[in-house]
Amino acid sequence: MNFIKKTNILQLLLPILVLSSCDLKNKTGMFTENQKPKDTMPHMEPPAKKLPKLSAQYINAKKNAIEHFYNKNWSNNSMNGSFLVAQNGQIIFEKYEGMANFRDERPITATTPLHLASVSKVLTAAAVLKLIDAKKIGLDQKVNSIIRNFPFPEVTVKMLLNHRSGMRNYAYFTDKKDGVWDRHNILTNKDIVNLMATKDVGLEARTNTRFAYCNTNYAVLALIIEKATGLSYEKAMARMIFKPLKMNHTFVFNYDRDKDSIVPSYKGNKVEIGKDYLDKIYGDKNIYSTPRDLLKFDLARNSPEFLSPKLLKLVYTPFSNERKGERNYGLGIRMINWETGQNFYFHNGWWHGNTSSYVTLLKEHVTIIALSNKYTTKTYQVKKIAPLFGDYPFKLGKEEKEE
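Counting from 1, position 340 in the sequence shown corresponds to residue 340 in the UniProt record's numbering; the numbering is continuous, with no gaps.
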């Protein structure tokens with residue numbers, strides 16, 4: 001009798017469960033976006049609110065001024081790359097000129113991913129900061145508690161982000177002819193840590209005593225991202241940043257897969273620059289993207305949803321000012337801090353023939369991006385557009401090279 005009752009109950013429950021399951025799906029039999037399980041991995045999201053729309057008159061005035069700068073900076077159509085200026089998320093001016101590949105005369109377009117060089121650090125830092133905000137790792141956590149064979153016990157995650165670890169640049173200590181590394185072999189991020197741990201590669205400066213810009217810091221941060229997420233850096237960056245922001249033309253360079261297919265870089269005379277033993281290192285470099293994708297990233301990075309206010313304040317705190325000066329570094333971003341109280345935030349990059357510049361004017365909601373795969377320092381001059389939007393005391397003068 002009990003068996004019959006249980007059978008009847010199951011028969012009654014089965015249709016209810018089936019109907020409930022059907023209700024979760026739309027008419028096509030697929031879950032809607034709102035019904036899909038949420039990704040628990042910390043990730044960036046597009047801004048919840050759109051900024052005010054710019055008037056056509058305002059756009060035209062700014063566009064004409066930017067075009068004048070463009071023609072003066074890259075005279076005689078000398079640009080070989082991508083350039084974009086946007087405000088409130090609206091593109092005011094963009095230009096794509098030159099060749100992605102001079103051999104097959106493939107032009108650079110709005111969808112051509114170019115090497116970001118050290119602008120990649122801004123994206124690496126964004127992923128690390130999201131993991132810190134989600135308490136997956138600690139800002140002041142010792143690196144050797146995450147990467148067990150990391151040899152410098154006082155170095156923290158924060159010191160990697162703000163370049164105060166005191167570590168040596170991997171490009172220098174592996175270039176020496178003292179048996180540290182055979183440059184016929186491709187170097188990896190893990191190799192860098194192993195070499196520092198086993199080859200008596202000491203610190204360049206005592207930890208946290210001074211600022212020293214160093215690519216090794218961000219190569220180690222990429223390994224921390226891998227430890228914290230359980231994913232490769234390539235997959236973690238896609239899941240945390242590229243996919244949720246629909247950065248469809250952005251990817252981490254995978255040496256074994258992409259070395260023969262990516263856009264090459266060139267010297268100023270159009271001679272192609274080949275790959276070397278450092279081209280497999282990621283975190284400090286090796287992200288390819290477009291200005292439009294970076295605009296999506298910048299909007300998300302500057303939205304209130306990006307980080308908690310306390311952590312966000314630290315991002316823009318200068319940690320490189322042992323000696324009073326205007327040029328400083330925060331957590332993954334360069335800055336100029338003038339005595340007037342005005343601040344300018346940016347990051348430049350250089351790798352092989354690739355040069356890049358990312359400028360974010362926070363108060364004015366302006367994004368300026370320039371990328372080139374043919375070596376030039378003119379990329380770095382785009383900061384001089386900033387005075388068109390705010391009180392930034394830049395003057396047209398000699399060209400600067402700052403990674």
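The beta-carbon is built from N, C-alpha and C at its ideal position, and this holds for glycine as well. Predicted model only: the values in this text are computed from it and were never measured.
Pairwise C-alpha distance: residue j and residue i
i, j, result
"V155", "S261", "38 Å"
"Y96", "I287", "19 Å"
"V180", "N248", "39 Å"
"A300", "K177", "45 Å"
"F211", "R323", "10 Å"
"G390", "D175", "44 Å"
"E33", "M44", "Reliability of the predicted coordinates at E33 is poor, the pLDDT of 49 falling under 50, and no value is obtained from them."
"I92", "E364", "14 Å"
"K62", "E94", "12 Å"
"P47", "R106", "35 Å"
"N269", "S357", "21 Å"
"L147", "K374", "Before going on, a small fix: residue 147 reads as Ile here, not Leu. Going from the Cα of I147 to the Cα of K374 covers about 37 Å."
"K199", "A228", "27 Å"
Per-residue DSSP class, three states only, for residue i
i, result
"L388", "helix"
"A100", "strand"
"K395", "coil"
"Y316", "coil"
"L294", "helix"
"S289", "strand"
"R106", "strand"
"Y213", "coil"
"H43", "coil"
"N162", "coil"
"N348", "strand"
"I333", "coil"
"M146", "The residue asked about is misnamed: residue 146 is Ile in this sequence, not Met. It is coil, neither helix nor strand."
"N328", "strand"
"L24", "Residue placement at L24 cannot be trusted, given a pLDDT of 40 that sits under 50; what the coordinates show is reported in the next sentence. Looking at L24 - three-state DSSP - the assignment turns out to be coil, as it is neither helix nor strand."
"residue 404", "Not covered by the structure: residue 404. The range shown for the chain is 1 to 403."
Neighbourhood of residue i by C-beta distance below 8 Å, restricted to the same chain and skipping five residues each side
i, result
"H334", "In the sequence under discussion, the amino acid at residue 334 is Arg, which differs from the His named in the question. Once the five neighbours on either side are set aside, the close Cβ partners of R334 are R327, N328, Y345, F346, H347, N348, E402."
"A205", "G166, A212"
"A386", "F344, V359, L361, V366, I368, Y392, F394"
Exposed unless 16 or more other CB atoms sit within 10 angstroms - verdict on residue i
i, result
"D284", "buried"
"H352", "buried"
"E339", "exposed"
"L362", "exposed"
"L24", "With a pLDDT of only 40 at L24, under 50, the local geometry of the prediction cannot be trusted, and no value is derived from it."
"D293", "buried"
"Q381", "buried"
"V85", "buried"
"Q87", "buried"
"F394", "exposed"
"K135", "exposed"
"Y70", "buried"
"Y233", "buried"
"E226", "buried"
"L388", "buried"
Residues near residue i in its chain [Cβ-Cβ closer than 7 Å; skip 5 each side]
i, result
"L314", "L331"
Reference residue i; option with closest CA among the options
i, options, result
"K275", "P113, H184, A205, N321", "H184"
"A219", "A56, A171, S82", "A171"
"L203", "H163, I241, M41", "H163"
"K53", "G89, S82, F150, I336", "G89"
Contact set for residue i: own chain, Cβ-Cβ below 6 Å, skip 5 residues either direction
i, result
"F251", "Y288"
"T112", "A100"
"L311", "D133"
"N73", "K378, Q381"
"K50", "none"
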